[in-house]
């Protein structure tokens, strides 16, 4: 199989039970003050979208997962990191 | 090259209250004092409060040796910060903290919350935080892990300080492999307030209401204090519960709200919540005044549902303060807090009974005397002189380098000596417009005070010397701090200390700790300067290698500059001015950068301090600086005479020629004369007409001083017996000194 280009997204956010001052501020000062009380919570994070050459979408995901760990794209002590391949 | 992978951490660790992390003696003591078995909430509280971090149980008796009184000291050790009277109704507050363990696993967040913590200490006295200084210690800059820590720590400090509008005006950085896994991230904060508005951390008035203000209470940071009281293991990367998320914008609101309440005279007591959380805050504020406090946990706003009472009591969630007010001032406080959009809750009141009573609704979940909770039984440790010291004392002298010019270049590019601009250019050092002398320009930072005086601030540490000789190394650190102050025209007023060591249960580690306190205490008594507070951080060791960090006492010193004192910097100013060296140079090479960096040699005789002469020296130097006859000055410390002169030269873009035969010394070798780090020495630049007067003023007091050369428009040149002994062009010195740290940090991962 010849390599194809995959779009892989990396989402880094604070751990679920840790605080997220940025999300809290957007929620409190924009959304609630703007009258959208149906929104009960906001979490902010960082999205990296990478174009990756790989043989399969599994390979692409694995490669990006590895680089996130190796290069400390996130700190496992404080963040969660999701990697997903866009179809 | 790939970096070591950090394991994906496990999910949140809940408190394991069943088995308290206390010694058998402490468990026995608790049962005996309460005359019953404490319940699980009480065990959790005792575990947090009796941790080394909160209780100082291994260090308290030794810390009492330090002199703490002085005419200008209003509040000394035992409170959130020391308070100094700076005249005209103004006070300056001073405190030092560290966030070593959190920074080792989350360098950005750990360093930022470290700044947040010390800022709260300053605030809780009712003073406005006006300056930060950051003494930092990392492993070798060659290591990618250390660079990752270093880079993120500096960004964490910079972002937090910049967001809350407090300038970072100084600090220092030291690199040594012993800090590879356990970096040391210290933060000094200085506050400014009015004497008549000081608030103390004491619950003096039964009936006062207890308000909890700021962030909501969550499970983050649970057991932070006990986390800091044990050795870091590989597993710590996965123990995410001690990681806290910095929130500088909430902190800024807290600062402004609290200061408005201080201004309104409604705060009767205040305490920041740091290590040990609510347990520590409530127990200490009540115990200090001999009162009690009753609180209802149902009133506390929690961030997560179903938090257990024990979790609420020991949570170390950031950005929280306890305020005590009279009932009649409640409306006014609430108005202020609402104006700043801070969350708050009235959680209880001060009582007469001396008990900490923790309720959840009508159910009492914990009840114990506040004094009993606040004061852990002391745990004195045994001390034994480490055997390695004898080995280090006898290391053979290294061979004399063939090219001393090359050696000087090597020293200038050592990260311990090289320009720290890479660090401080990331900091906002001017916000608040009080900064007079910026980082790197002089031996201490200068800040404008509202009463025409100014404040000089400096921090110093030297783990390499403290390792080779725990006593003289520690004394050298205090001496250097005070020399730095005086070289900026300031009269030393007070210091705070931060003593960072390995496991105190190791008698050899404990011995080095004891020696440092003895040294600092002897020095401060000799120069009559008090220690107004400080901090002890134990368990700084890397269990993978099983090694403790090198002993790292760090001193932050504060001095006052009288109005009209000329502002004198390090940079050389004018060709043909004379250069004078004050103080004697000896064969004191132990722990020197020359031995450690150039020869990779640890050992030898560490520089000593002449306690009989030190006070006279500091006084006469201050007199000389005030006279206006000094053009530039630099203390001689890391890298010795040659490095000090090169630094003055590079900063002033002027050359200098020094005749080594004229330098007051008792050295046996040329390299020792150039690079010895003998204490209490200075280089002074002066106009030729003032030279004799300055030299004689020191000689008269028995302090060696001599004209050694002059400022030139050439490179840096040292002569001996009429011959050039060491010559380097300015551009080369400048490049080595300026580019070492940025160069290392830009290196590929």
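Chains as they are written, first to last, in my numbering: chain A, -15 to 71; chain B, 28 to 776.
Here a beta-carbon is modelled for each residue, glycine too, at the ideal position from N, C-alpha and C.
| Asked | Found |
| --- | --- |
| What is the DSSP secondary structure of residue 216 (chain B), reduced to helix, strand or coil? | strand |
| For the pair the segment 668 to 685 of chain B and the segment 566 to 575 of chain B, tell me if three or more CB-CB distances fall below 8 Å. | no |
| For residue 277 (chain B), go through chain A and note every residue whose CB falls closer than 8 Å to its CB, in chain order. | 5 |
| What does residue 180 (chain B) touch in chain A if you count any residue whose Cβ is under 7 Å from its own? | Correct list: empty, because the minimum Cβ distance to chain A is about 13 Å. |
| Can you give me the start and stop residues for the alpha helix (DSSP H) that residue 631 (chain B) sits inside? | It is not in any alpha helix (DSSP H) - residue 631 (chain B) carries neither H nor E in the DSSP assignment. |
| For chain A, find out if any of its Cβ atoms is closer than 8 Å to the Cβ of residue 190 (chain B); answer yes or no. | no |
| Grab the span of the beta strand (DSSP E) containing residue 114 (chain B) for me, first residue to last. | 109 to 114 |
| Mind reading off the beta-carbon distance from residue 120 (chain B) to residue 160 (chain B)? Whole number of angstroms is fine, and I expect it under 8 Å. | About 14 Å separates the two Cβ atoms, so there is no contact after all. |
| Can you name the residues of chain B whose CB is closer than 8 Å to the CB of residue 9 (chain A)? | 276 |
| Between residue 83 (chain B) and residue 90 (chain B), is the Cβ-Cβ spacing less than 8 Å? | yes |
| Decide if residue 31 (chain A) is buried, meaning its Cβ has at least 16 other Cβ atoms within 10 Å, or exposed. | exposed |
| Under 8 Å between C-beta atoms, does residue 301 (chain B) make it to chain A? | no |
| Can you list, in chain order, the residues of its chain with a C-beta nearer than 6 Å to that of residue 472 (chain B)? Leave out the 5 residues immediately preceding and following it. | 196, 197, 464 and 484 |
| Using a Cβ-Cβ distance cut-off of 8 Å, determine whether residue 61 (chain A) contacts chain B. | yes |
| When the Cα atoms are used, what is the spatial distance from residue 554 (chain B) to residue 93 (chain B)? | 13 Å |
| Return the chain-ordered list of same chain residues with a C-beta closer than 6 Å to the C-beta of residue 635 (chain B), the five sequence neighbours on each side being excluded. | 499 |
| How many angstroms separate the CA atom of residue 392 (chain B) from the CA atom of residue 64 (chain B)? | 14 Å |
| Distance, Cα to Cα, residue 2 (chain A) vs residue 326 (chain B)? | 22 Å |
| Since residue 179 (chain B) is in the beta strand (DSSP E), which residue starts that stretch and which ends it? | No beta strand (DSSP E) holds residue 179 (chain B); the alpha helix (DSSP H) holding it covers 171 to 191. |
| Along chain B, in chain order, which residues have C-beta atoms closer than 9 Å to that of residue 92 (chain A)? | Nothing about residue 92 (chain A) can be reported from this structure: the residues present for chain A run from -15 to 71 only. |
| If you run the structure through DSSP and keep just helix, strand and coil, what is residue 578 (chain B)? | coil |
| Tell me which same chain residues have a C-beta within less than 6 Å of the C-beta of residue 458 (chain B), skipping the five on either side of it? | 192 and 194 |
| Could you please give the first and the last residue of the uninterrupted beta strand (DSSP E) stretch that includes residue 453 (chain B)? | Where residue 453 (chain B) is concerned, there is no enclosing beta strand (DSSP E), given that its DSSP letter is neither H nor E. |
| Just to confirm, is the Cβ distance from residue 136 (chain B) to residue 275 (chain B) under 8 Å? | no |
| Is it the case that the Cβ atoms of residue 163 (chain B) and residue 142 (chain B) are separated by a distance below 8 Å? | no |
| Check the DSSP bridge columns for residue 53 (chain B) and list the partner residues they point to. | Its beta-bridge partners do not exist; DSSP assigns none. |
| What does a CB cutoff of less than 6 Å around residue 324 (chain B) pick up in its chain, not counting 5 residues either side in sequence? | 336, 339 and 387 |
| To which residues of the same chain is residue 31 (chain B) closer than 6 Å at the C-beta, ignoring the five residues directly before and after it? | At residue 31 (chain B), the pLDDT of 39 sits below 50, so the modelled position is not reliable; the number obtained from the coordinates is stated separately. Hits under 6 Å: none found. |
| In terms of residue numbering, what span does the beta strand (DSSP E) encompassing residue 424 (chain B) cover? | Looking at the DSSP string, residue 424 (chain B) is not in any beta strand (DSSP E), and its letter there is neither H nor E. |
| So, helix, strand or coil for residue 779 (chain B), using DSSP? | No answer is possible for residue 779 (chain B): the residues shown for chain B start at 28 and end at 776. |
| Using beta-carbon positions only, say whether residue 697 (chain B) and residue 439 (chain B) come within less than 8 Å of one another. | no |
| What does the alpha-carbon distance come out to for the pair residue 260 (chain B) and residue 407 (chain B)? | Any reading at residue 260 (chain B) is ruled out, since the residue's pLDDT is 47, under 50, leaving its predicted position unreliable. |
| What in chain A is Cβ-close to residue 272 (chain B), meaning under 8 Å? | -2, 2, 3, 4, 5 and 62 |
| Determine the burial state of residue 710 (chain B): buried for a count of at least 16 other Cβ atoms within 10 Å of its Cβ, exposed for fewer. | buried |
| Classify residue 621 (chain B): buried if its beta carbon has 16 or more other beta carbons within 10 angstroms, exposed otherwise. | buried |
| Please compile the residues from chain A whose C-beta is within a distance smaller than 8 Å of the C-beta of residue 285 (chain B). | Ordered by position in chain A, no residue passes the 8 Å Cβ test against residue 285 (chain B), which lies about 19 Å from the chain. |
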